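Report on the structure given below.
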Amino acid sequence: MKKIDLHIHTVSTPSDKKFTFSMERMKWYVEEAKLDAIAITNHNMFDLEQFRIIQQQLAVKVFPGIEVDIEGTHLLVIAEDNELNDFKSRCDMITELIPDKYEGQKVPSIKVQYPSYKPVDEAEQSLRNKLALAGDFKN
475 MKKIDLHIHT VSTPSDKKFT FSMERMKWYV EEAKLDAIAI TNHNMFDLEQ
525 FRIIQQQLAV KVFPGIEVDI EGTHLLVIAE DNELNDFKSR CDMITELIPD
575 KYEGQKVPSI KVQYPSYKPV DEAEQSLRNK LALAGDFKN
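So that you can map any letter, position 83 of the sequence shown is 557 in the numbering used here, and since no number is skipped, the others follow by simple counting.
Put into structure tokens, the structure is as follows:
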């Protein structure tokens, strides 16, 4: 079984309590928890320079991510690390749209920045349809 933490903050934003990131503490946490992978998911922003430093200093897989304030809740968007500049530019659009913790995005605007985004219920229905076509699942 793999142990993964997909919700790690490394930058204090208006949506967080004030904190200071420590690489040594991060290394300790990953080792102590025996994690196989992590995702860096700061609120409404992605720090590419910091991400690359963390990625270089940890021995586990590090995924780029962002926690988007959306319609009164939060959405974790996690990507592969093979198109970091594209991911960064999409995250920068989110940062411009959500300047503080009192603002949030709407689902239609998320679909512009992340075209493959599907809300859980839509994604679940899509999976059910595919499985039904394969004969493995009844709606």
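All C-beta atoms, glycine included, are put in the ideal place defined by N, C-alpha and C. Keep in mind it's a predicted model, so treat the numbers as computed, not measured.
Only buried fits Glu-541, as 16 or more other CB atoms lie within 10 angstroms of its CB.
In this structure the stretch 499 to 507 does not lie against the stretch 555 to 568, because fewer than three pairs of beta carbons, one per stretch, are closer than 8 Å.
The distance from the Cβ of Lys-562 to that of Leu-532 is about 19 Å, inconsistent with a contact at the 8 Å cut-off. According to DSSP, residue pairing for Phe-537 in a beta bridge involves Ala-513. The three-state secondary structure of Val-485, taken from DSSP, is coil. Taking the Cα positions, Lys-477 is about 31 Å away from Ile-572.
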